[in-house]
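Residue 269 is where the sequence shown starts when you use this note's numbering, and the numbers rise one by one after that. Think of the CB as a built atom: it goes at the ideal place given N, C-alpha and C, for glycine as much as any other residue. Remarks on the structure that follows.
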Amino acid sequence: MSAIPALKSIPCQPLELVQVARRLGEQFSTRAAQFDDSDEFVGENYTALREAGLIEAGVPRELGGGGHDISVLSAMLRELARHCSSTALAFSMHTHQVAVPAWRWVHHKAASVEALLTRIANERIILLSSGGSDWIASSGLAEKVGGGFRIAARKVFSSGAPIGSLLMTSAVWEGDGCGPQVLHFGIPMNSPHIRIIPVWKAMGMRGTGSHDIVIDGYMVPDDGVTLKRKAGEWHPFFQIMATMAFPLIYAVYLGIAESARDVAVKMAKKRRPDSHVTTLVGRMDTELRGAQMAHRSMVEAALGKEPGAESVNEVMIGRTLVARHAIATVEIAMEAAGGAAFYRAAGLERRFRDIQGARYHPLQSGPQADYTGSIALGLPIDRVF
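Here it is, written out as structure tokens:
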């Protein structure tokens, strides 16, 4: 594979970033089925992402990055997803972990995140998210010892685990009489107190390397704790996280649906003309338009609202609608393409399996409806997650 020149010294413009993603994606598509068949992590693709300067795309330009906002980063991930779902989803976890501190640096002048952002730009380190296992309630135990905390935890669904540089995670400390608190911190993945447990044998997104990560006795110094918050309820940091992260993550599922639509149309054109097939294609495009419109509303909420309960509500409504319409798009694509869609070589059944992941990120449809209903009725939302 020929290396794409690094873009670091001359940050690319929005359209150029998507074009780079398309060039990379065309390479990734040639081996997407291989990673899917073998459950192998898409590590080779990360090498290309790093060489192309996409690792630091969300870092502010003043700190050496590309300076791209949620809209542009979403377009980048959406394009990557059209070619390799696993690469796009795993990379979305790094991308949102960059986008959140970048937003805080730009909008809140948060000096505390500057060192991390500068490292991403200069060293092109990969950030890992401990994902759903570290949602509002968090998981794992933090024990106070000496000048810090000893951590014991097992983090599941840690996409990109085999290549990560720094795990951005949390654990629960029983506190100092004020009730359980969640501590946030980063852990270098080369620590002897970190083990990757290779359990990722999944229905879809098989190349994401979303293994379990065990933390056994890692010591976080007091000054290494970046945030303390009450366990089990929303905090302003998570309102920022939810507002910024989910338009990026769900851009991936939109890209999968768009690519499934294109494959299905190509296959349907080879079938004998049939009014039933025509209707299916029309229904498919209608569902896809719903996903596109819903995702646009997520991006607009992230760009146009100060993160808070209302922005979270808008983004999470969009998240439910993108998932619903994207899944429906791929389901209809399977039918519109006919029996040939059942063959793995066609690529549709892989997209059908991959799109199912849209069901499982927070807020899932039940909690999202509770959150939205509580907002409408003026009820408390602190513990709706």
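Taking the alpha carbon of R527 as the reference point, which residue from I517, L647 and R350 has its own alpha carbon closest?
Translated into positions along the sequence shown, residue 527 becomes position 259. The residue you asked about is not Arg; residue 527 is Ser in the sequence shown. Cα-wise, what sits closest to S527 is R350.
Would R651 be called buried (16 or more neighbouring beta carbons within 10 Å of its own) or exposed?
Here residue 651 corresponds to residue number 383 of the sequence shown, with the count starting at 1. By the 10 Å Cβ count, R651 comes out exposed.
Roughly how many angstroms lie between the CA atoms of G485 and I465, to the nearest whole one?
For the purposes of this step, residue 485 is identified with residue 217 of the sequence shown, where counting begins at 1. For the purposes of this step, residue 465 is identified with residue 197 of the sequence shown, where counting begins at 1. So the two alpha carbons sit approximately 16 Å from each other.
Which stretch, first to last residue, makes up the beta strand (DSSP E) that contains G454?
For the purposes of this step, residue 454 is identified with residue 186 of the sequence shown, where counting begins at 1. Taken as a continuous stretch (DSSP letters only), the beta strand (DSSP E) holding G454 covers Q449 to P456.
Taking the C-alpha atoms as reference points, what is the distance between G454 and S401?
Counting from one through the sequence shown, the residue named residue 454 turns up at place 186. Counting from one through the sequence shown, the residue named residue 401 turns up at place 133. Distance between the alpha carbons of G454 and S401 is about 15 Å.
Inspect the beta-carbon positions of L409 and V440 and report whether they are closer than 8 Å.
Position 141 of the sequence shown, counting from 1, holds the residue named residue 409. Position 172 of the sequence shown, counting from 1, holds the residue named residue 440. Closer than 8 Å, so yes.
Starting from K534, follow the alpha helix (DSSP H) in both directions and report where the run begins and ends.
Looking up residue 534 in the sequence shown gives position 266. P504 to A536 is the span of the alpha helix (DSSP H), which, as asked, contains K534.
Any idea what DSSP makes of W403, helix, strand or coil?
Here the question's residue 403 lines up with position 135 in the sequence shown. Three-state result, W403: coil.
Pick out the complete beta strand (DSSP E) segments inside the region 368-423, 3 residues or longer, and give them in chain order.
Counting whole runs of 3 or more residues, the region 368-423 contains the beta strand (DSSP E) stretches 395-397 and 409-413.
So, with DSSP's three-state summary, where would you put M269?
As a first step, residue 269 must be located in the sequence shown, where it is residue number 1. Since pLDDT at M269 reaches only 34, below the 50 mark, its modelled position is unreliable, and the value read off the structure follows with that caveat. M269 falls in the coil class under three-state DSSP.
Three-state secondary structure (DSSP) at T494?
One-based indexing of the sequence shown puts residue 494 at position 226. Coil, per DSSP.
Please report the distance separating the alpha-carbon of T363 from that of P575.
Within the sequence shown, residue 363 is the residue found at index 95, counting from 1. Within the sequence shown, residue 575 is the residue found at index 307, counting from 1. Using only the alpha carbons, I get a separation of about 18 Å.
With a Cβ-Cβ cutoff of 8 Å, do E324 and R372 count as a contact?
Walking along the sequence shown from the start, residue 324 turns up at place 56. Walking along the sequence shown from the start, residue 372 turns up at place 104. Going by C-beta atoms, E324 is not nearer than 8 Å to R372.
Could you check where the alpha helix (DSSP H) with T437 kicks off and where it finishes?
By one-based count along the sequence shown, residue 437 stands at place 169. Where T437 is concerned, there is no enclosing alpha helix (DSSP H), although the beta strand (DSSP E) it sits in stretches over L434 to W441.
Short check: CB of D490 to CB of G443, under 8 Å?
As a position in the sequence shown, residue 490 is number 222, starting the count at 1. As a position in the sequence shown, residue 443 is number 175, starting the count at 1. Their beta carbons are not under 8 Å apart, which means D490 does not touch G443 by this criterion.
Between V286 and Y521, what straight-line distance do the alpha-carbon atoms span, to the nearest angstrom?
Within the sequence shown, the letter at position 18 stands for residue 286. Within the sequence shown, the letter at position 253 stands for residue 521. When rounded, the distance between both Cα atoms is 17 Å.
Identify whether F653 lies in helix, strand or coil by the three-state DSSP scheme.
The residue labelled residue 653 in the question sits at position 385 within the sequence shown. Coil, per DSSP.
Output needed for T597: all residues of its chain with C-beta closer than 7 Å, excluding positions within five of it in sequence on either side, in chain order.
Position 329 of the sequence shown, counted from the start, is the residue given in the question as residue 597. Taken in chain order, the residues that qualify are A525, A528, R529, M552, E555, L556 and A559.
Once the 5 residues before and after D622 are set aside, which same chain residues still bring their CB inside 6 Å of it?
Start at 1 with the first residue of the sequence shown, and residue 622 comes out as number 354. Cβ neighbours of D622 beyond the five flanking positions: S353, G472, M473 and I524.
To the nearest angstrom, report how far apart H452 and A510 are at their CA atoms.
Taking the first residue of the sequence shown as position 1, residue 452 is located at position 184. Taking the first residue of the sequence shown as position 1, residue 510 is located at position 242. Cα to Cα, H452 sits roughly 16 Å from A510.
Taking the C-alpha atoms as reference points, what is the distance between I278 and G332?
Along the sequence shown, one-based indexing puts residue 278 at 10. Along the sequence shown, one-based indexing puts residue 332 at 64. Here I278 scores only 48 on pLDDT, less than 50, and its place in the model should not be relied on; the value that follows carries that caveat. Distance between the alpha carbons of I278 and G332 is about 10 Å.
Quick one: is E347 buried, meaning 16 or more other Cβ sit within 10 Å of its Cβ, or exposed?
Position 79 of the sequence shown, counted from the first residue, corresponds to residue 347. With 16 or more Cβ atoms within 10 Å of its Cβ, E347 is classed as buried.
Which term fits V368, buried or exposed, when burial requires 16 or more other beta carbons within 10 angstroms of its beta carbon?
Residue numbering aside, residue 368 sits at position 100 when the sequence shown is read from its first letter. With 16 or more other Cβ atoms within 10 Å, it is buried.
Confirm, please, whether the CB-CB distance from S579 to A569 is below 8 Å.
Locating residue 569 in the sequence shown gives position 301, counting from the first residue. Locating residue 579 in the sequence shown gives position 311, counting from the first residue. Against a cut-off of 8 Å, the Cβ pair of S579 and A569 comes out as a contact.
Against chain B, does R291 count as a neighbour if the rule is that its beta carbon must be under 8 Å from one of theirs?
You won't find chain B in this structure, because it holds only one protein chain.
Which residues in the same chain as A356 place their Cβ atom closer than 7 Å to its Cβ, once the five residues preceding and following it in sequence are excluded?
In the sequence shown, counting from the first residue as 1, residue 356 sits at position 88. Closer than 7 Å at Cβ, skipping near neighbours: L345, L348, A349, V520 and G523.
Give the secondary structure of V549 by DSSP, where H, G and I count as helix, E and B as strand, and everything else as coil.
The count along the sequence shown starts at 1 and reaches residue 549 at position 281. In the structure shown, V549 sits in a helix (DSSP, three-state: H, G or I).
Below 8 Å, can you find three or more Cβ-Cβ pairs linking the region 580-588 to the region 535-549?
These segments do not touch.
Since I believe L589 is in contact with L341 (beta carbons under 8 Å), could you give me their beta-carbon distance rounded to a whole number of angstroms?
Looking up residue 341 in the sequence shown gives position 73. Looking up residue 589 in the sequence shown gives position 321. Their Cβ separation, rounded to whole angstroms, is 20 Å, which puts L341 and L589 out of contact at 8 Å.
Between the alpha carbons of P504 and K496, how many angstroms are there, rounded?
Working through the sequence shown from its first residue, we reach residue 504 at position 236. Working through the sequence shown from its first residue, we reach residue 496 at position 228. Going by the C-alpha atoms only, they are around 12 Å apart.
Taking the alpha carbon of R539 as the reference point, which residue from V531, R564, F506 and A605 has its own alpha carbon closest?
One-based indexing of the sequence shown puts residue 539 at position 271. Comparing Cα-Cα distances from R539 to each of V531, R564, F506 and A605, the minimum goes to A605.
Rounded to the nearest angstrom, what separates V424 and L396 at their Cα positions?
Counting from one through the sequence shown, the residue named residue 424 turns up at place 156. Counting from one through the sequence shown, the residue named residue 396 turns up at place 128. The alpha-carbon atoms of V424 and L396 are separated by roughly 12 Å.
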